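Here it is in structure tokens:
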């Protein structure tokens, strides 16, 4: 696919920064359940699929 001068191109802003530290911090919060704990503190416990009785698929296995 060719990019022409008419195609939208995103140019770096003067205050752009590397997102890796943010992504790594979020990964750590997921790994240690900090995000899950914060969400459950706000809205209550989340039901996990492994803990639910789900309908069985009606297709051969």
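In my numbering, the protein residues as written are 2 to 62.
For glycine and all other residues, C-beta sits at the position ideal for the given N, C-alpha and C.
If you're wondering where the values come from, they're calculated on a predicted model, not measured in any experiment.
Determine whether the beta carbon atoms of residue i and residue j lie at a separation below 8 Å.
{"i": "residue 30", "j": "residue 24", "result": "no"}
Kindly list the residues whose CB is nearer than 8 Å to the CB of residue i, restricted to its own chain and excluding five residues on each side of it in sequence; keep chain order.
{"i": "residue 47", "result": "37, 40 and 41"}
Which of the three DSSP states is assigned to residue i in this structure?
{"i": "residue 25", "result": "helix"}
{"i": "residue 53", "result": "coil"}
{"i": "residue 48", "result": "coil"}
{"i": "residue 17", "result": "coil"}
Could you name the residues of the same chain whose beta carbon sits closer than 6 Å to that of residue i, not counting the 5 residues immediately before and after it, in chain order?
{"i": "residue 60", "result": "none"}
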